[in-house]
Each structure stands twice: as structure tokens, then as C-alpha cells.
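Residue numbers (UniProt numbering): 1 to 422.
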Amino acid sequence: MLIEERILTLFRRNCQHTLTYWSVFFSFGLSIAFLGPTIQDLKCQTGSTLQEITWMFFSQQLCLLIGSSIGGAFTKTLFWALTALFLSSLIISVVFAIIPLCYNVLLLAVAMAVSGLAMGIIDTIANIQLVSIYKKDSAIFLQALHFFIGLGALVSPLIADPFISEHCLGSNSTENATEIIHHFRSSFRSPVILTENSPHSEPVEEKANVAYAFWIMALINLPVPIAVFVLMYQEKLLPFCPNSTPRLLDKDELAMETKAPEGTEISEPDDAGVIVTLLLLLILYTNRVFLFVGTTLLGLFISSVFPCLVAYTEDILEYRGCATTVLVTTAGMGEMTLQVLVGSLIQKKGTYSFLVCGLVIGCLGFVFFLSVILCNRIHRNLTGASKKAAMVEAPPAPASEKAAPEQKVAVIQTESNKCDSG
């Protein structure tokens, strides 16, 4: 069987929780992917330059980092965790709805910051909750969790595509893709001056069109907070819900719970796959076919690295929950800083430097990961040897001490018999 019966039993028992956390991550994916395809329409909507509009990325990533840092504070109880997820997913729907009404780049940056804060809270809480539910079996469920990020990131551009303006950047039909990319790069270096006769200053019709995309995404995301609310109701966490005792485990489920899991999967092959794929992309960077194939393979390998690393680290630290918060926060920090550093290097050295940076970062990550595995093995060997030494050095208990509890039991039984006869 492809999936063990024990894991399927655990999933059936925690089905509603798991599906809710997966749906919340779908909301995360919607939020993280819509900004790129609609950036030109938002630029025209706010009447700003491309250099100014890119501050939205920074504000969103910065608040995502902050949200990831504070998200762990809401995982002390299930009530606070689900309340934070409910409010965060609801905030994302509200932000989608009000984005078409933000005609100022500052207001838009504030909206992006609020959505980034909600995304960071979702990222930390959903990972921690799944790890706390499945523990050593959490790797496969964390991978599915991150699949829903990809699903949301796929759906978001598909929804926005029919409503994206084709004439916001320029109305000249002879402008080709190379000139458009050149415009993007040059506008990062120097502001674009908008004149009254420029097509950039007449985005009235396009603004209305792209607004429909955001409102559709708000409606698509709306079932997510509803699902979290239903879970809170099922768990009797709402004030108007009558208190009830939790359902006890069935005999078969209890047997599955007490069975020792085989171990946590690690992501060494995925890290190696990332490095090999980037190396092939460097060699075959002029091959257009392999560009698509390599990007697909790179996405497949990268998607499993972080969830496996979270599960492995939590396994090392005996599932205390602190590792997930730290990993999610540092991942957000790296995402925010590397965007700036690699983007600056691309502007100075060209697009080929992007692949070089990816290969260097992948190799560093692989080395760090091997170091973590090596340190864990050494630590386990040392602690195992110290435990064996302590067991050998501990003297056996005297026979008189072993017999003492039996004598106490006999005395108690005789006294109880006397009381019954009396």
C-alpha cells in the first residue's frame, strides 16, 4: 500500500483539523502570488512608478516576517490558535476586497503589510498545529500543506489573467517583450515621469477590470475563515457552545497511536536535486526547452525541502514547537533579504547571476543541513553512551528494599480485612 494504514487512521481521526489547516494555506498561496501578475495594473491605479510600487513587496515581506515571529505566541491553546487563523484568513479576504479602492501607493503598502502580517501568522500556526498532531508522521502532511500554497499561487494568477490590462504599460502595439523587460529594468533605476497625454495616466477602464479579479479572489477565499469557524464550533471552543467531553479514541485508533513510527523522512535527496537542477540550468541556460523542464524539476525538489526540514528538526527537539517558529521566521527573513541582494546583483551583473546565486545558496544550504545531521548523530551517540554508563554504574537495589513494598502491601491487606470483619 502506498500509504501506511496507521497514517490513514491518524488522518481519518484528525481529518477536519488537517483539511482546515490545508485550506488556510491555500489562502496563504492566494495572497503571496497575486501581487506579481497585477503589479502593472496596481501601478497605474495608484499613479506611481514601478520603483515606488515595489515597496509593496518589501512591506508585505517585512510584516510576513513579523507575523511569523509572533505566530508562535498563539499556539499555547487550540482556542487561540484557531482564533488567530480565523482572523488572519478573514483579513486576507478583506484586503482583497479593498485593494481596488486604494488609489494611493501608501494605502496600498499598508494593505499589503496587513495581509503580510496575517500570512506570517498563518504560516507559523498551521505548521505548528500539524506537527503537534502528527509528530513523527508529520512530514507527509507538511508536504501536502505546502502543496496548497502552490495551489493557491497557481489559482491566483489564473484568476487575475483575464482582467489584467494589456495597455497599461504602453499603447504602442509594436512594443515587444524585450522592450517591456527593458522598461521594467530601467524603471527600477530611474523613476518614470507620467505626463497627461501618456497612456499610463488613463487607467480608468483597466482599474475597474482588475478590481473584479480581486473581488473574485476575496469570494474564493471567504470559505476559509468559515471552515475555521466551523472547526471552532465542532471543538466546542465558542462561548455559546455547550461544554462536552472530548471523544475517546477507538480501540483500533489507540493501537495505531501507541505503535512506534518508523522515523522521520529527511530531505537530503531533495537538496541534492535542487543543486543538480541548478547546475544543469547553468550549463543549458540557452536551451529554451530545458528552461521549462528545469524550472519544473526545481519546483518539485524545492517544495519538499522545507516541510521535511521542519519535521526532522521537531523530531530532534522532541516536538516542543519552538523549532517550527524559528524555522518559519528565518525562512521569511531569508526570503526578504535574498530578494534584495539577488535583485541588486542581477541589475549589476545580468540575469545569469541569478542561477549562480541559486547554486551557491543551494550548496550552502546542503552543507548546513549535513552539519545538522552530523551534529545530531554525534549528540545521540554521546547521550546513548552516557545513559549506558549510568546504567552500568548504578548499583542493584538490595533484596530488603525490594521486599519492602511487598510487606507494606501485606500489612495494608490485613488491616483492611480486620476492618471488614469488625
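Where is the CB? At the ideal position from N, CA and C, for every residue including glycine. Note that the structure is predicted; figures quoted are calculated from it, not measured.
- Only residues of its own chain outside the window of five on either side were considered, and among them Ser156, Ala160, Met217 have a CB closer than 7 Å to the CB of Phe34, listed in chain order.
- Judged by their CB atoms, Thr286 and Gly72 are not nearer to each other than the 8 Å cut-off.
- Secondary structure note for Ala113: its alpha helix (DSSP H) is the uninterrupted segment 105–134.
- Distance check between Leu142 and each of Asn127, Lys136, Gly150, Leu151 places Asn127 closest, using alpha-carbon atoms only.
- The shortest CA-to-CA distance from Leu30 to any of Phe354, Ala323, Ala153 is the one to Ala153.
- Rounded to whole angstroms, Gln61 and Val328 show a C-alpha spacing of 13 Å.
- Each residue's CA atom was taken as its position, placing Ser115 and Gly332 some 14 Å apart.
- Per the coordinates, the alpha-carbon of Cys102 lies some 45 Å from the alpha-carbon of Leu317.
- Annotation: Tyr212 to Ala109 spans about 20 Å, alpha carbon to alpha carbon.
- Val274 is the residue among Leu338, Asp315, Phe306, Val274 whose C-alpha sits nearest the C-alpha of Thr295.
- Per DSSP, the continuous alpha helix (DSSP H) segment holding Glu314 begins and ends at 288–316.
- For Asp137, there is no enclosing alpha helix (DSSP H), as DSSP gives it neither H nor E.
- For Thr383, the number of other beta carbons within 10 angstroms of its own is below 16, and it is reported as exposed.
- Nearest Cα to Ser69 within the set Ile121, Asn14, Ile92, Thr83: Ile121.
- Spatial neighbours of Phe11 in its own chain (CB-CB distance under 8 Å, excluding positions within 5 residues in sequence) are listed in chain order as Thr18, Phe141.
- Bounds of any alpha helix (DSSP H) do not take in Lys76, whose DSSP letter is neither H nor E.
- Taking a 10 Å sphere around the C-beta of Ser371, we find fewer than 16 other C-beta atoms and assign the residue as exposed.
- Just so you know, the alpha carbons of Ile149 and Ser23 end up roughly 9 Å apart.
- The DSSP-derived three-state label of Asn14 is coil.
- Residue Leu85 holds the alpha-carbon nearest to the alpha-carbon of Pro225 among Leu374, Leu85, Cys375.
- By the 16-neighbour rule on beta-carbons within 10 angstroms, His379 is exposed.
- In this chain, the alpha helix (DSSP H) harbouring Ile39 covers 39–46.
- Scanning Ala113, Ser303, Gln347 for the CA closest to the CA of Leu151 turns up Ser303.
- With a beta-carbon spacing of about 43 Å, Asn209 and Ser138 fall beyond the 8 Å limit used to define contacts.
- Annotation: Leu237 is outside any alpha helix (DSSP H) and is labelled neither H nor E by DSSP.
- Contact between Gly362 and Leu278 holds: their C-beta atoms lie close to 6 Å from each other, under 8 Å.
- Listed in chain order, the non-local C-beta contacts of Cys357 below 6 Å within the same chain comprise Val342, local neighbours out to five positions each way being set aside.
- If you draw a straight line from the Cα of Val305 to the Cα of Val230, it is about 32 Å long.
- Collapsing the DSSP output to three states places Cys375 in a helix.
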